[in-house]
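Chemist:
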Ligand SMILES: Cc1cc2nc3c(=O)[nH]c(=O)nc-3n(C[C@H](O)[C@H](O)[C@H](O)COP(=O)(O)O)c2cc1C
Ligand code: SF4
Ligand code: SF4
Ligand code: SF4
Ligand code: FES
């Protein structure tokens with residue numbers, strides 16, 4: 099493969115496209131697919147065939163506004179349809195070239211206002227299983243550029259310059275990580291893509307893998323070149339069958355086109371990727387546990403240092419990044435690090451994909467520039483809280499994060515701002531809660547999650563989460579005293595400070611943040627035996643006997 | 537701390553081993569008894585807990601409704617409450633039934649392997665579903681581990697109390 | 011490499027000491043008779059850093075670090091005891107005692123148990139947090155040994171000695187979180203394990219009353235894990 103050949107593939111794909119007057123893109127992300135969007139696609143294809151219009155019906159990955167699904171996007175008009183049913187196929191096809199079908203307006207309002215697509219740039223426009231469509235939109239340009247024009251050091255320099263930080267939650271500077279692994283001596287190095295995504299309410303990585311898997315593969319290949327690795331693994335949870343299937347196809351396609359394998363693009367660079375399935379343990383998203391799991395061992399974290407960069411998979415230097423992190427790499431190389439760093443805030447660059455869920459009008463996947471305020475996302479893009487209820491809190495960062503109240507709605511999203519407010523960027527779950535949510539119950543929910551997901555290796559997390567969960571239950575039931583609250587606070591401190599891995603270290607965060615902003619709700623449960631949101635059934639403790 | 541003049545000892549759900557250990561102080565008992573008055577104890581006759589006691593040693597866990605009433609009253613009328621021994625401190629053997637609840641224990645004792653099976657209900661206090669260490673029920677001032685705590689340990693505790701400090705047994709006595 | 015560059019100078023609790031570059035804080039401290047409490051660590055076995063008893067403060071580090079796995083560094087300033095660390099350790103101990111059923115008075119390891127003596131040395135006289143009272147099995151199917159999960163602290167010493175020293179890999183861990191359990195083979199009864207060589211090493215290294223020899227129950231039995239470092243040295247010498 100060289101530049102001309104790449105352009106040829108792109109040209110061919112474009113030619114293919116030009117044969118048609120219209121494109122009907124049907125979303126086949128998990129959410130729309132669960133509402134039988136595959137049948138809708140078939141119906142539209144059948145209609146298109148019989149009506150004589152030159153129309154290409156394509157399946158695409160998640161288009162974002164899942165709540166309005168099944169979604170259909172008609173090009174070149176750019177018309178979006180929502181809540182499409184099989185029976186709508188005829189009308190959609192007849193409307194091609196004319197006025198859109200009014201009743202299928204998805205009523206997305208300002209959903210796309212302020213969104214900025216980098217990671218999701220191809221979403222809705224390509225068939226995730228066709229590598230050539232990816233190439234037609236600039237795919238693999240970056241890899242080719244890297245292999246033919248850049249030294250590994252130059253690649254790392256661009257990534258560093260971009261200011262990209264890990265999207266898996268921690269926000270570690272990606273360029274710095276690459277640089278470390280590149281500098282460690284080792285005959286064999288590995289690149290791992292972390293697609294374990296276990297946070298409740300998060301589905302960004304799944305979406306990226308389902309809609310644009312080539313982008314992740316390209317990102318990994320560039321990373322491999324930069325650090326000197328020849329072998330990569332994508333670790334995906336087995337609960338994501340569609341992502342696994344699309345990725346499997348994508349890997350095969352990439353190999354067929356020579357983007358993976360030996361002597362990639364006629365250079366001396368060789369790299370290939372295997373998929374490893376996770377069995378759904380949240381802790382296996384932690385890098386050392388993930389590595390143990392790939393090695394076929396019990397997935398438990400181990401103390402760091404040594405970091406995977408020095409001693410990772412099979413003891414060799416290993417680069418591990420999140421799906422979205424890798425997905426950002428090709429555009430950074432294509433447009434340069436400075437382009438990327440022009441977006442976002444001082445210390446958080448680029449965009450971030452969020453999964454908007456909970457009590458919000460427009461649930462879905464959004465990509466916004468760093469620095470956008472929570473209010474813009476929740477009320478602008480998401481359309482605010484439905485049913486005339488009042489906004490109460492937004493939870494970010496999953497079980498490691500926290501709940502932010504109304505006062506913080508004007509907070510500009512960045513790694514550091516979220517942390518100082520007592521929450522976390524996390525992997526991008528954003529759960530909106532209205533005044534029907536009891537914040538103690540919310541804290542209890544997340545603690546239950548940590549308790550059942552604790553690997554059991556270290557005692558503060560293994561036993562501490564159980565104790566905290568029990569105390570939260572006691573508070574919810576109206577059986578707790580102030581002493582219990584003190585004990586809970588102390589447990590939070592000790593578990594956070596002494597646990598072995600991030601799971602235990604951050605498990606107290608949902609409690610701490612709700613204690614910080616919603617302490618009065620805790621006290622109402624304790625002192626007045628009353629749940630302000632009316633969620634918990636509080637009754638004072640009675641001594642039970644046989 | 538106020539002068540220690542009166543001492544009480546109580547026996548909740550325990551085996552009386554701690555009281556045996558107390559008696560094990562032998563001649564030191566005589567030395568101590570010249571300094572305080574034993575106002576209430578399984579070892580003396582008095583039936584009701586006095587209005588005011590300076591120091592109370594509690595042996596045993598809180599296992600029945602009766603224990604619960606007693607310990608609350610004792611706490612109210614006591615200056616320094618001493619949890620004496622593992623049962624008071626941890627629940628110990630008394631709390632072993634907490635893994636299964638009281639029913640299986642009752643059945644085992646009163647129904648299985650007996651000639652006239654009958655679970656007593658009259659004249660006996662109802663068992664709590666969960667046996668609890670004393671400090672889970674009322675605040676405790678001094679913790680004395682051991683099953684039983686040695687006579688030396690108890691002597692040390694009492695002497696220190698008489699000398700006017702609240703002793704801590706950390707690093708001195710262990711569970712078991 | 012010159013001998014010089016292999017030496018690191020650091021202070022532990024204000025005392026200036028030197029250590030080999032490949033030593034951990036724990037090794038360096040113990041060589042200088044500075045006490046750091048441990049439970050999962052055992053000389054001669056690999057480190058897992060799981061019990062968190064050995065956490066120490068290192069100046070400049072963001073978090074407390076486990077002394078058993080943290081290597082010494084030049085100029086390190088280590089604090090092994092201060093009110094905060096002591097409070098954390100006591101709480102961790104309380105979590106251990108509360109999560110399973112430790113009834114020292116009737117335990118085979120009474121008076122000879124590392125958990126019990128940690129409570130003594132750290133001055134823990136009672137447990138503030140609620141006991142959990144789980145129902146846990148006792149497996150006495152092995153002709154010579156018993157495993158009583160009520161006393162297990164999940165230190166995985168048995169797992170490690172069985173794999174690293176005996177090479178039988180009989181022991182493993184199943185389950186997650188509080189449901190974790192050490193098991194023999196694929197949870198077969200110990201007595202029916204086809205891999206167990208009945209060498210008894212696991213019993214000797216177990217810090218508590220979870221693993222014991224049947225005919226020698228009672229507080230007189232002292233466990234003897236001291237053979238491990240020698241075995242290691244002998245084996246390394248052979249290679
Ligand atoms: C309990 C736990 C769960 C984690 N789960 C994930 C996950 O699902 N996906 C992920 O990318 N990173 C996860 N991480 C973070 C990883 O350990 C690691 O930092 C990340 O994959 C590094 O990639 P990045 O630098 O690109 O963010 C988790 C960390 C912890 C402690
Ligand atoms: S903090 Fe929790 S998940 Fe992490 S090692 Fe400890 S027990 Fe396992
Ligand atoms: S194992 Fe140790 S701490 Fe547990 S009951 Fe036995 S002696 Fe006590
Ligand atoms: S059985 Fe003993 S050695 Fe094995 S994990 Fe439990 S306490 Fe540790
Ligand atoms: S001895 Fe270091 S963590 Fe257990």
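Residue numbers (the working numbering), protein chains in the order written: chain F, 99 to 644; chain D, 537 to 712; chain L, 11 to 249. From the three backbone atoms N, C-alpha and C, an ideal C-beta is built for every residue, glycine too. Here the structure is a predicted model, which means the values were calculated and not measured.
#1: Alpha carbon to alpha carbon, what distance is there between residue 323(F) and residue 44(F)?
#2: Looking at the unbroken alpha helix (DSSP H) that takes in residue 337(F), where does it start and where does it end?
#3: So, with DSSP's three-state summary, where would you put residue 136(L)?
#4: Where does residue 333(F) fall in DSSP's three states?
#5: So, helix, strand or coil for residue 275(F), using DSSP?
#6: Using the beta-carbon of each residue, which ones in chain D are nearer than 7 angstroms to residue 115(L)?
#7: Closer than 9 angstroms by beta-carbon distance: list the chain F residues that pair up with residue 142(L), in chain order.
#8: Counting only C-beta atoms, is residue 11(L) closer than 8 angstroms to chain D at any point?
#9: Is the separation between the beta-carbon of residue 64(L) and that of residue 48(L) shorter than 8 angstroms?
#10: Cα separation between residue 562(D) and residue 616(D)?
#11: Compare the C-beta of residue 615(D) against all C-beta atoms of chain A and say whether one is closer than 8 angstroms.
#12: Between residue 592(D) and chain L, is any beta-carbon pair separated by less than 8 angstroms?
#13: Assuming the contact rule is C-beta atoms closer than 8 angstroms, residue 399(F) and residue 275(F) should be a hit. Round their C-beta distance to whole Å, please.
#14: Write down every uninterrupted run of the alpha helix (DSSP H) in the region 527 to 557 of chain F whose length is 4 residues or greater and which is fully enclosed by it, in chain order.
#15: Note down the Cα distance separating residue 618(F) from residue 633(F), rounded to an integer number of angstroms.
#16: Using a Cβ cut-off of 8 angstroms, which residues of the region 538 to 549 of chain F contact any Cβ in chain L, in chain order?
#17: Please confirm if residue 559(D) has its CB atom under 8 angstroms from at least one CB of chain L.
#18: Count the other CB atoms within 10 Å of the CB of residue 181(L); is the residue buried (16 or more) or exposed (fewer)?
#19: Have a look at 544(F), 560(F), 603(F) and 590(F) and flag the residue whose alpha-carbon is nearest the alpha-carbon of residue 298(F).
#20: Ignoring anything shorter than 3 residues or poking outside the region 468 to 528 of chain F, list the beta strand (DSSP E) runs there in chain order.
#21: What is the DSSP secondary structure of residue 145(L), reduced to helix, strand or coil?
#22: Quick one: list the residues of chain L neighbouring residue 635(D), beta-carbon separation under 9 angstroms, in chain order.
#23: Among 62(L), 69(L) and 33(L), which residue has its Cα nearest to the Cα of residue 24(L)?
#24: Would you call the region 108 to 122 of chain L and the region 150 to 161 of chain L touching, i.e. three or more CB-CB distances under 8 angstroms?
#25: Cα separation between residue 560(F) and residue 61(L)?
#26: For residue 173(F), which residues does DSSP report across the bridge?
#27: Mind checking whether residue 611(F) and residue 500(F) have CB atoms under 8 angstroms apart?
#28: Note down the Cα distance separating residue 687(D) from residue 566(D), rounded to an integer number of angstroms.
#29: For a minimum of 3 consecutive residues, which ranges assigned as the beta strand (DSSP E) are wholly contained in the region 144 to 208 of chain L?
#30: For residue 20(L), which option in 85(L), 236(L), 233(L) and 226(L) has the closest C-alpha, if you only look at C-alpha atoms?
#31: Going by DSSP, what residues sit across from residue 120(L) in a beta bridge?
#32: Residue 384(F) by DSSP, collapsed to three states: which one?
#33: Compare the C-beta of residue 36(L) with all C-beta atoms of chain D and state if any pair is closer than 8 angstroms.
#34: Using a Cβ cut-off of 9 angstroms, which residues of the region 164 to 183 of chain L contact any Cβ in chain F, in chain order?
#35: For residue 67(L), write down the residues that DSSP places opposite it in a beta bridge.
#36: Give a yes or no on whether the C-beta atoms belonging to residue 229(F) and residue 425(F) are separated by under 8 angstroms.
Modeler: Let's see:
#1: Residue numbering for chain F in the displayed model covers 99 to 644; residue 44(F) lies beyond these limits and cannot be assessed.
#2: Per DSSP, residue 337(F) belongs to no alpha helix (DSSP H) and is neither H nor E.
#3: coil
#4: strand
#5: helix
#6: 622, 628, 629, 683 and 712
#7: 561, 564, 565 and 568
#8: Caution applies to residue 11(L), whose pLDDT of 46 falls short of 50 and renders its modelled position unreliable; the value that the coordinates give is listed next. Answer no: the Cβ-Cβ gap between residue 11(L) and chain D never drops below 8 angstroms.
#9: yes
#10: 24 angstroms
#11: Structure shown: chain A not included; protein chains present are F, D and L.
#12: no
#13: Wrong, their Cβ atoms sit about 18 angstroms apart, outside the cutoff.
#14: 537 to 551
#15: 15 angstroms
#16: 549
#17: no
#18: buried
#19: 544(F)
#20: 489 to 494 and 500 to 503
#21: coil
#22: 111, 143, 144, 145, 146 and 160
#23: 69(L)
#24: yes
#25: 11 angstroms
#26: 121(F)
#27: yes
#28: 14 angstroms
#29: 155 to 158, 181 to 184 and 191 to 194
#30: 85(L)
#31: According to DSSP, which records beta bridges pairwise, residue 120(L) is partnered with nothing at all.
#32: coil
#33: no
#34: 164, 166, 182 and 183
#35: 89(L)
#36: no
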